[in-house]
Amino acid sequence: MIPAGGSGELQLVVDVRGKSGMLVKTATVETRRGARVLLMRINLPAPKIESTDAEARARNRMLASADRQAVFKGDCRRCHVAPAAGLAGGLLFHAACGVCHEAEHRASMVPDLAKLDHPTDRAFWKQIIVSGKPGTLMPAFAIDQGGPLSPLQVDSLAAYLVATLSAPPLMATEHAQAK
Ligand code: HEC
Ligand code: HEC
-3 MIPAGGSGEL
7 QLVVDVRGKS
17 GMLVKTATVE
27 TRRGARVLLM
37 RINLPAPKIE
47 STDAEARARN
57 RMLASADRQA
67 VFKGDCRRCH
77 VAPAAGLAGG
87 LLFHAACGVC
97 HEAEHRASMV
107 PDLAKLDHPT
117 DRAFWKQIIV
127 SGKPGTLMPA
137 FAIDQGGPLS
147 PLQVDSLAAY
157 LVATLSAPPL
167 MATEHAQAK
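As numbered in the numbering used here, residues -3 to 175 make up the sequence shown, in order.
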């Protein structure tokens, strides 16, 4: 009970276990002038995926060059599959793709997706996510090609990549200028 005109502390406990992304919670405070709703926005970054040491990394790369789908098997799943479970859009990108493409010490054969040497569109993103790139370390992510991602996850990822990395279509630019 806080006296009128006085101040006090409110302790709010939020269970964030197993959650990531933007969480919105409300708390209702009863006052003499009626209820007031407090809105909390909690930004929980996706957990960073543990790095491998040089020796494990070299061994992992060898296994992947023999079979580019190896990342989705056995112990590799701990870092290359589990963190992406149930996610969509940007969070899915950081967990499933960022592990290789946004690595702090990105391997030389892994390209920076913001600096590809060709234009990209939805069809391109979908194709590369679904089938990867045969003959390289880039795996195929679609379930029906032995990957971990459902068709819905593939679509959400393609939409995120179009929105963040592909050049905006002409219409969108004109619309933005009209405003
Ligand atoms: C402990 C977590 C972890 C495990 C387990 C793991 N990886 Fe990785 N992997 C990473 C991380 C993190 C990166 C990004 C580079 C880095 O920081 O080591 C990566 C990068 C890669 C790359 C891109 C090339 C490179 O060296 O950056 C390949 C290919 C790869 N992993 C394959 C595998 C395979 C195959 C397995 C299982 C045999 C595996 N990984 C197991 C965390 C893991
Ligand atoms: C195990 C590491 C690894 C993971 C995980 C990974 N990639 Fe890649 N990716 C690669 C490598 C290696 C290449 C370079 C292939 C080559 O040699 O041309 C590549 C290439 C690409 C390219 C360039 C293709 C081209 O030729 O223009 C795109 C686009 C791409 N990846 C998107 C993604 C997306 C989207 C995801 C997540 C669904 C993802 N990658 C996950 C390793 C990875």
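Beta carbons are placed, not taken as given, at the ideal position from N, Cα and C, and that holds for glycine.
What you are looking at is a predicted structure, and each value in this text was computed from that prediction instead of being measured.
As summarised for the stretch 86 to 164, the continuous alpha helix (DSSP H) elements at least 4 residues long and confined to that stretch are 94 to 97, 118 to 127 and 147 to 161, given in chain order.
The DSSP-derived three-state label of Glu26 is strand. With a threshold of 8 Å, the Cβ atom of Leu59 counts as near ligand 1, since some heavy atom of the ligand is closer than that. Proximity of the beta carbon of Ile125 to ligand 2 is indicated: a heavy atom of the ligand is located closer than 8 Å.
Leu59 is positioned such that its CB atom lies no closer than 9 Å to that of Tyr156.
In this chain, the alpha helix (DSSP H) harbouring Glu51 covers Ala50 to Ala62. Taking 8 Å as the cut-off, the C-beta of Asp151 does not count as close to any heavy atom of ligand 1. Look at the beta carbons and you see the stretch 19 to 33 not touching the stretch 100 to 109: under three pairs across the two are nearer than 8 Å.
Between Gln65 and Gly131, the CB-CB gap reaches or exceeds 9 Å.
The stretch 36 to 55 and the stretch 66 to 79 touch, with no fewer than 3 CB-CB distances between them shorter than 8 Å. Distances from the CA of Ala163 to each of Lys129, Ile124, Asp151 and Leu112 were compared; the closest alpha carbon is that of Leu112.
When only Cα atoms are considered, Leu19 and Asp49 end up about 34 Å apart. When DSSP reads this structure, Ile38 sits in a beta bridge with Leu19. In the same chain as Gln123, and ignoring 5 residues on each side of it, no C-beta atom comes closer than 6 Å to its own.
Per the coordinates, the alpha-carbon of Arg74 lies some 20 Å from the alpha-carbon of Gly17.
About 6 Å separates the beta carbons of Leu109 and Leu161, which is inside the 8 Å limit, making them a contact pair. The Cβ atoms of Pro135 and Val67 lie closer than 9 Å to each other. Set against 8 Å, the gap from the CB of Thr22 to the closest heavy atom of ligand 1 is not smaller.
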